[in-house]
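Order-wise, the sequence lines are chains A and B. In our numbering, each residue carries its 1-based index in the first sequence increased by 32. In our numbering, each residue carries its 1-based index in the second sequence increased by 7. What follows is a single structure, written as structure tokens, with notes after it.
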Amino acid sequence: MKKTGAEIFVESLRHEGVKTVFGLPGGVVLKIFDVLCQQKDIELVLTRHEQGAAHMAEGYAKATGRPGVVLVTSGPGMTNIVTGLADAYMDSVPLVAFTGQVSTDLIGNDAFQEADNVGISRPCTKHNVLVKDVNELAQTIKEAFYIATSGRPGPVLVDIPKDVSIAKAEFKYPEKVNLRGYNPTIGGNKHQIKQAAEEIMKAKKPMIYVGGGAIFSDAADEVRELAEITQIPVTMTLMGLGSFPGTHPLSLGMLGMHGGYWTNMAMHYSDLLIAVGARFDDRVTGKLSEFCPEARVIHIDIDPTSIKKTFHAHIPIVGDVKAVLRQMNVMLRSMDGNPAEMKALRSPWLKQVEEWKKLHPLTYKQGDKITKPQFVIEKLFDLTKHEAIVATDVGQHQMFAAQYFKGNRPRTWLTSGGLGTMGFGFPAAIGAQKAFPEKLVVCITSEGSFQMNLQELVVAAEHKLPVKIVLLNNGCHGMVRQWQDLFYEGRYSASLLGNMPDFVKLADAYSILGLRARKPSEVESVLRQGLKHKGPVLMDILTDPYENCYPMIPAGGAQHQMMLEDPPEIRLAKKGGAHKKKVDEGEGVLPA
Amino acid sequence: MEHIISVLVENKFGVLARVAGLFSARGYNIESLSVAPTLDPTTSMITIVTVGDDRIIEQIMKQLNKVVEVLKVVDLTETNFLDRETALIKVHTKPEHRDEAIRIADIFRAKIVDSSPTTYTIEITGDVDKVEALINLLRPLGIKELIRTGRIAISREATRTDSPRREPALLKT
Numbered sequence: 033m034k035k036t037g038a039e040i041f042v043e044s045l046r047h048e049g050v051k052t053v054f055g056l057p058g059g060v061v062l063k064i065f066d067v068l069c070q071q072k073d074i075e076l077v078l079t080r081h082e083q084g085a086a087h088m089a090e091g092y093a094k095a096t097g098r099p100g101v102v103l104v105t106s107g108p109g110m111t112n113i114v115t116g117l118a119d120a121y122m123d124s125v126p127l128v129a130f131t132g133q134v135s136t137d138l139i140g141n142d143a144f145q146e147a148d149n150v151g152i153s154r155p156c157t158k159h160n161v162l163v164k165d166v167n168e169l170a171q172t173i174k175e176a177f178y179i180a181t182s183g184r185p186g187p188v189l190v191d192i193p194k195d196v197s198i199a200k201a202e203f204k205y206p207e208k209v210n211l212r213g214y215n216p217t218i219g220g221n222k223h224q225i226k227q228a229a230e231e232i233m234k235a236k237k238p239m240i241y242v243g244g245g246a247i248f249s250d251a252a253d254e255v256r257e258l259a260e261i262t263q264i265p266v267t268m269t270l271m272g273l274g275s276f277p278g279t280h281p282l283s284l285g286m287l288g289m290h291g292g293y294w295t296n297m298a299m300h301y302s303d304l305l306i307a308v309g310a311r312f313d314d315r316v317t318g319k320l321s322e323f324c325p326e327a328r329v330i331h332i333d334i335d336p337t338s339i340k341k342t343f344h345a346h347i348p349i350v351g352d353v354k355a356v357l358r359q360m361n362v363m364l365r366s367m368d369g370n371p372a373e374m375k376a377l378r379s380p381w382l383k384q385v386e387e388w389k390k391l392h393p394l395t396y397k398q399g400d401k402i403t404k405p406q407f408v409i410e411k412l413f414d415l416t417k418h419e420a421i422v423a424t425d426v427g428q429h430q431m432f433a434a435q436y437f438k439g440n441r442p443r444t445w446l447t448s449g450g451l452g453t454m455g456f457g458f459p460a461a462i463g464a465q466k467a468f469p470e471k472l473v474v475c476i477t478s479e480g481s482f483q484m485n486l487q488e489l490v491v492a493a494e495h496k497l498p499v500k501i502v503l504l505n506n507g508c509h510g511m512v513r514q515w516q517d518l519f520y521e522g523r524y525s526a527s528l529l530g531n532m533p534d535f536v537k538l539a540d541a542y543s544i545l546g547l548r549a550r551k552p553s554e555v556e557s558v559l560r561q562g563l564k565h566k567g568p569v570l571m572d573i574l575t576d577p578y579e580n581c582y583p584m585i586p587a588g589g590a591q592h593q594m595m596l597e598d599p600p601e602i603r604l605a606k607k608g609g610a611h612k613k614k615v616d617e618g619e620g621v622l623p624a
Numbered sequence: 008m009e010h011i012i013s014v015l016v017e018n019k020f021g022v023l024a025r026v027a028g029l030f031s032a033r034g035y036n037i038e039s040l041s042v043a044p045t046l047d048p049t050t051s052m053i054t055i056v057t058v059g060d061d062r063i064i065e066q067i068m069k070q071l072n073k074v075v076e077v078l079k080v081v082d083l084t085e086t087n088f089l090d091r092e093t094a095l096i097k098v099h100t101k102p103e104h105r106d107e108a109i110r111i112a113d114i115f116r117a118k119i120v121d122s123s124p125t126t127y128t129i130e131i132t133g134d135v136d137k138v139e140a141l142i143n144l145l146r147p148l149g150i151k152e153l154i155r156t157g158r159i160a161i162s163r164e165a166t167r168t169d170s171p172r173r174e175p176a177l178l179k180t
């Protein structure tokens, strides 16, 4: 029996095991939504903005490892997900986005709500297709899911014209894909893996540098095994957090612009760098010409374009991180049966790292008047017993969270790394909570980022998704203000958010519990109360507007030359100088 | 250094845009471009002439390989190859120059494919040096219009061009 394109769409999703679709309807996708509402296997989460749908799907995908699915209409529906697609492309998130398109006979006519969806999304998707014939729909969907989830994952867009969703065709879900030009390398080159293993055995000051690739290939166990058998310290990129336990003695936490002093020093003086699913981003390397000057580099990545893109690699290994590390660990084990000897070889290096750690640990001074953001995150880390899925937005709060919330498991750290998308965190938390209704999901955000997608509060309320929103409210775009302090003589151009909504009342308007902590002494009780609450909660926590995030490698600076605290002129300004006065005189930061 | 890159792709709409987009998105320039179906009508060959240092070319090759519809990428400059382009050159011919134009065309084994009382249109096929040389000789007569196809290139026999596309170049280093 023949099925309509809309029915084929839903059937295909069912075959792919899709349980949840995030989306918003519109004219050209009505047929698809009509079929969706007549079945029970696939649930539609109706978002209030398409961008919310895209980030929810990202959160869902990051937390589960399964592809997130988005369904939106043509024109503005599609353009509203572009940020989500670009974000997913940067961070290699498996996403399949279905967009409606005007009927094939109208394409190119500037029809109502028409946009060149494939053209617009081309540079920010791994692959995209306009389906012109209903007979090709099932095959295209099969391939879209395959491409999105295999190799280096990424977003795939499938554009479905209205007439294709209505037209009928015989349906048989294809068993295999037919992509002669797409065949990702999985197993690494044996010779190179062996060479790498030999270098690892003899290195005196090695470092393991893990990126998001280790999480997407489920290689956390392999990374841990590698670190433990070789006694090599591990640092993670922002995207890689969780791939190695943050509380493990060999963990050095995050590296790069706001990484620990000890981490960046260890990187700088290392003699061997084992890059695992990481891509030498500029926020990691700082000034490239002075990055890891003494290190030999082993670079494992499934994406050949990541290798030698910005930084040289002496031993490049193209392949799936998990598969390569498995082979490598077997070799390493066979090379050395003596862990004691290994410990002895590495101990001077580990001792040195430990000294750096003692010299400049992460610090902040919590007084009794105003809450420091770091204090809130440390408290949260304790109260959640280190176990929560954490979604963050972008900015200072994100960096503080990366420094102080030392997550132990992969897929529990959801953040927008490459694109740095403010507004990502809250919808991403909803997506993760939808996938895991029983788990504790915390969204660490700030008033700036949160206001970019707060319309999705209604989704949390409607679906009874108990997301705990910890809103660090410092009344300004903190990271922008920090840069203005450091590099623009404290001229706060557009970084102070004057009028602030009352977030507790806002929560109330959405039938969500709202709590506020004005003083440091109230933080713990608010967090406790919020975490205990059964439903979604918005915790508005007023924090120090002047707190800056350190250590910091200034943009373009060398990795070992970090700023560790406010320079003297800024310290002065904070003590009643021009900046503070301006703020106090009504460009007001703190809500009364 | 100049490189001639042959890119075998699926013969589908949007593929050329994706390939061209890889260059524009990174600020790399395409010096010349030619596209046409191959013996197998489901595939097309794109010949791209571009300029870049080794790092840029390696990145271009890898990025091209990454495109789902790209089947094979070969940097012909690394091999022994033949390249050709065709140009159509419309020259002004005052009566006293008409003979000379014919003589110059003859020297290059070029053909006069159209003539009017005041112009000749000359067709030339050859490698870049030959085409450029002819253009330079005709320039004093006054070139009214010039059109070039962009270069196409093919490997000479017994080279490594038929290595499978998914063997990443970096494995060799």
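Just so it is clear, CB atoms sit at the ideal spot from N, CA and C, and this is done for glycine as well.
Local Cβ density within 10 Å of residue i, reported as buried at 16 or more and exposed below that
{"i": "A:Ala170", "result": "buried"}
{"i": "A:Thr262", "result": "buried"}
{"i": "A:Ile330", "result": "buried"}
{"i": "B:Glu164", "result": "exposed"}
{"i": "A:Gly220", "result": "buried"}
{"i": "A:Tyr520", "result": "exposed"}
{"i": "A:His223", "result": "exposed"}
{"i": "A:Asn30", "result": "Residue 30 of chain A falls outside the range modelled here, since chain A spans only 33 to 624, and no answer is possible."}
{"i": "B:Lys73", "result": "buried"}
{"i": "A:Phe54", "result": "buried"}
Of the residues the options, the one placed nearest residue i, counting alpha carbons only
{"i": "A:Gly274", "options": "A:Met289, A:Glu260 and A:Arg256", "result": "A:Arg256"}
{"i": "A:Ile264", "options": "A:Leu305, A:Trp294, A:Met286 and A:Thr279", "result": "A:Leu305"}
{"i": "A:Val134", "options": "A:Leu320, A:Asp119, A:Ser153 and A:Gly109", "result": "A:Gly109"}
{"i": "A:Asp335", "options": "A:Ile232, A:Val536, A:Tyr214 and A:Ser527", "result": "A:Tyr214"}
{"i": "A:Leu382", "options": "A:Pro185, A:Cys508, A:Trp294 and A:Ser249", "result": "A:Trp294"}
{"i": "A:His47", "options": "A:Lys174, A:Gly132 and A:Val101", "result": "A:Lys174"}
{"i": "A:Arg80", "options": "A:Gly245, A:Ile113, A:Gly480 and A:Ala376", "result": "A:Ile113"}
{"i": "A:Leu364", "options": "A:Gln514, A:Leu117 and A:Glu230", "result": "A:Glu230"}
{"i": "A:Leu547", "options": "A:Tyr436, A:Gln561 and A:Ser553", "result": "A:Gln561"}
{"i": "A:Thr424", "options": "A:Leu497, A:Glu579 and A:Gly480", "result": "A:Gly480"}
{"i": "A:Lys158", "options": "A:Gly100, A:Leu211 and A:Leu127", "result": "A:Leu127"}
{"i": "A:His346", "options": "A:His592, A:Pro193 and A:Gln227", "result": "A:Gln227"}
{"i": "B:Val14", "options": "B:Val75, B:Ile142 and B:Arg33", "result": "B:Val75"}
Collapsed DSSP secondary structure at residue i in the structure displayed
{"i": "A:Phe203", "result": "coil"}
{"i": "A:Glu419", "result": "coil"}
{"i": "A:Asn210", "result": "coil"}
{"i": "A:Ser44", "result": "helix"}
{"i": "A:Ala549", "result": "strand"}
{"i": "A:Gly132", "result": "strand"}
{"i": "B:Arg105", "result": "helix"}
{"i": "B:Glu152", "result": "strand"}
{"i": "A:Glu231", "result": "helix"}
{"i": "A:Pro336", "result": "helix"}
{"i": "A:Ser124", "result": "coil"}
{"i": "A:Pro600", "result": "helix"}
Beta-carbon gap between residue i and residue j smaller than 8 angstroms
{"i": "A:Val196", "j": "A:Thr105", "result": "no"}
{"i": "A:Trp445", "j": "A:Gly439", "result": "yes"}
{"i": "A:Leu412", "j": "A:Leu503", "result": "no"}
{"i": "A:Asn149", "j": "A:Leu189", "result": "yes"}
{"i": "B:Ile11", "j": "B:Leu83", "result": "yes"}
{"i": "A:Asp303", "j": "A:Lys237", "result": "yes"}
{"i": "A:Arg311", "j": "A:Ser283", "result": "no"}
{"i": "A:Gly449", "j": "A:Met584", "result": "no"}
{"i": "A:Cys156", "j": "A:Tyr121", "result": "yes"}
{"i": "B:His104", "j": "B:Lys151", "result": "no"}
**Prompt:** What alpha helix (DSSP H) runs, 4 residues minimum, are completely inside the region 132-172 of chain A?
**Reply:** If we require 4 residues or more, the alpha helix (DSSP H) runs fully inside the region 132-172 of chain A come out as 149-153.
**Continuous alpha helix (DSSP H) assignments of at least 4 residues falling wholly in the region 338-396 of chain A** = Fully enclosed alpha helix (DSSP H) runs of 4 or longer: 353-367 and 371-391.
**Prompt:** What are the uninterrupted segments assigned as alpha helix (DSSP H) that are 4 or more residues long and contained completely in the region 51-97 of chain B, given in chain order?
**Reply:** Look at the region 51-97 of chain B and you find these whole runs of alpha helix (DSSP H), each 4 residues long or longer: 61-73.
**Message:** Extract the residue ranges of the alpha helix (DSSP H) inside the region 169-198 of chain A, only unbroken runs of 4 or more that lie entirely within it.
**Reply:** Within the region 169-198 of chain A, the complete alpha helix (DSSP H) segments at least 4 residues long are 169-181 and 194-198, listed from N- to C-terminus.
**Request:** Entirely within the region 453-487 of chain A and at least 4 residues each: give me those alpha helix (DSSP H) ranges in chain order.
**Result:** With a minimum length of 4 residues, the unbroken runs of alpha helix (DSSP H) contained wholly in the region 453-487 of chain A fall at 457-467 and 479-482.
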